[in-house]
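So the sequence shown is numbered by the working numbering: it starts at 1043 and just counts up by one.
Built from N, CA and C at the ideal position, the CB exists for glycine as well.
Worksheet: one structure, shown below.
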Amino acid sequence: MESLKAQKVTVFAMDAVPRISRAQKMDALSSMANIAGYRAIVEASQHFGRFFTGQITAAGKVPPAKVMVIGAGVAGLAAIGAAASMGAIVRAFDTRPEVKDQVKSMGAEFLELDFEEDGTGEGGYAKVMSKEFIEAEMALFLEQAKEVDIIVTTALIPGKPAPKLITEEMVKAMPEGSVIVDLAAETGGNCELTVHGEAIIKHGVTIIGYSDLPSRLPTQASQLYATNIRHLLTDLTPEKDGQLNVNMEDDVIRGCTIVKDGEITWPPPPPKVVAQASAKPKTAPPPMPVEDPVAAARAKTRGTIITMALCALALFGMGNYAPAEFLPHFTVFVLSIFIGYMVVWNVTPALHTPLMSVTNAISGIIVLGALVQMGTSSTIVLALSVIAILIATINIAGGFLVTQRMLKMFQK
């Protein structure tokens, strides 16, 4: 930085872009980590001697590969997605509990410890955990090492060497032909046996320590990095006139500016924390009045008695004043309503749609009956016949439409 200061230049560090939502479009570290996670699975598949997906063939059954990803950051999630898309059984572990839903949404199993400790650190990275947590963590990894075929490690702690998570004992416990891809090889590696920049075989397990995985997908890496640069230049030229405006009040630009006009500005101040207004205590809603069950039962009984009395009076009036031939027809009408109600509401809901198509036949009978009554000279009967034909026709058309839609559900 002193050399850059002497040259009176302005320098930006793309790997120092703050990890905040607004800066994701220019976060080169995340772009490269995404590529590294994907390429880690590609490298593992090259050294792994079996299919990732399971198969059942005439020659026998092929079990799917089991992959464990340690660290569910950008690289870890990319590795999970790539392995799951290839048909492997994927498990993932992270000290940050908030990534559990992200892991599950990508089709992987989230491994948990029966240990309450939050490992969330600054900038989306993990923090150093307690000794007890690490012991429980190592026991889990040893147990998983006996089952899985591929391990991808992505654990990093800013400013410190990579934590040792895979011991030689775990490597010995893995099945022969297994693969370990150590994405933290550049900072010491998560595996004790990792050799930086090389792929070695120890105890029958291939341990890949490449630190140039993004450059092994050069076209994609160049495209994403160029996009990050373009977004940074867009923020540096708000007037769109080609003149750089290094706005040190902008948290994103301030965070990635190392030297400005020959003055060292690194490290940046801690990000501003916006104080949130304290939530007002919620007032309890007023208690609802408790209804007396005895009074409610009495009111219900009173309503039932009144309804039955009115029905009895109506029947008594029809019996005294209605023609003799009216009563048999009325009795059949009431019974048909009762039977129809019981038939429809006692049918399983799944059969309501087929039942609707059966009612077309009943509606057809109604139409025929109404057509027979059209020859009468009574205006009232004629009007009722027209209404019956109209309603029944609507029911028939709707029934056929629903039936047609139902049948289309069974067509390929």
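Cutoff 6 Å; reference residue i; Cβ partners in own chain excluding five residues on either side
i, result
"S1427", "A1412, Q1415, M1416"
"I1431", "V1409, A1412"
"T1209", "E1234"
"L1100", "According to the sequence shown, residue 1100 is Ala rather than Leu. Nothing listed; no residue qualifies."
"D1191", "A1107, K1108, S1220"
Residues sharing a beta bridge with residue i, DSSP
i, result
"V1109", "V1132, I1192"
"A1241", "I1250"
"I1422", "I1422 pairs with nothing; no bridge assigned."
"K1103", "I1098"
"F1152", "A1134"
"E1305", "K1302"
"I1222", "I1193, I1249"
"V1053", "V1301"
"C1233", "I1208"
Proximity below 8 Å, CB of residue i to CB of residue j
i, j, result
"I1193", "M1110", "yes"
"M1068", "L1259", "no"
"A1082", "V1223", "yes"
"M1212", "L1184", "yes"
"F1094", "P1106", "yes"
"A1065", "V1294", "yes"
"G1239", "P1203", "no"
"A1227", "L1198", "no"
"N1232", "I1112", "yes"
"M1290", "T1299", "yes"
"V1132", "A1125", "yes"
"K1047", "G1304", "yes"
"I1250", "E1140", "no"
"H1245", "K1214", "yes"
Three-state secondary structure assigned by DSSP to residue i
i, result
"F1183", "helix"
"I1433", "helix"
"F1380", "helix"
"T1299", "strand"
"H1371", "helix"
"E1177", "helix"
"D1143", "helix"
"I1062", "coil"
"S1073", "helix"
"A1114", "coil"
"P1260", "helix"
"M1350", "helix"
"T1276", "helix"
"Q1265", "helix"
"R1447", "helix"
"R1092", "coil"
"V1336", "helix"
"I1408", "helix"
"K1047", "helix"
"M1416", "coil"
"S1427", "helix"
"A1319", "Its pLDDT being 49, under 50, A1319 is placed unreliably by the model, and the measurement read from it follows with that caveat. Three-state DSSP puts A1319 in coil, outside helix and strand."
"E1085", "helix"
"E1228", "helix"
"N1362", "helix"
Nearest candidate by alpha-carbon position, reference residue i, set the options
i, options, result
"R1138", "A1124, L1266, K1050, G1118", "G1118"
"I1429", "F1380, S1405, L1449", "S1405"
"Q1049", "K1188, K1302, R1447, G1129", "K1302"
"M1180", "A1434, H1245, V1190, K1206", "K1206"
"P1311", "A1058, M1350, M1128", "A1058"
"T1195", "H1245, K1450, Y1252, E1291", "Y1252"
"A1150", "H1245, S1127, V1336", "S1127"
"D1129", "K1108, A1114, V1116, G1113", "First, the amino acid is wrong: residue 1129 is Gly here, not Asp. That would be K1108, whose Cα lies nearest to the Cα of G1129."
"A1187", "V1221, V1336, E1177, M1360", "V1221"
"R1272", "L1046, S1063, A1070", "A1070"
"A1055", "G1359, P1309, I1122", "P1309"
"F1152", "A1114, G1440, K1342", "A1114"
"L1357", "F1372, E1177, T1346", "F1372"
"E1044", "A1339, C1353, T1307, A1425", "T1307"
Neighbourhood of residue i by C-beta distance below 7 Å, restricted to the same chain and skipping five residues each side
i, result
"S1073", "L1266, Y1267, N1270"
"I1285", "Before going further, note that residue 1285 is Gln rather than Ile in the sequence given. Closer than 7 Å at Cβ, skipping near neighbours: T1279."
"G1123", "M1148"
"V1237", "G1251"
"K1146", "F1152"
Contacting residues, own chain, Cβ-Cβ under 8 Å from residue i (five flanking each side not counted)
i, result
"I1077", "A1120, L1255, P1256, L1259, Q1262, A1263, L1266"
"I1438", "N1402, S1405, G1406, V1409"
"G1091", "G1219"
"T1052", "L1286, V1288, T1299, V1301, K1302, D1303"
Residue i CB to nearest heavy atom of the ligand FAD below 7 Å
i, result
"A1121", "The ligand FAD is not among the ligands present in this structure, which contains no ligands whatsoever."
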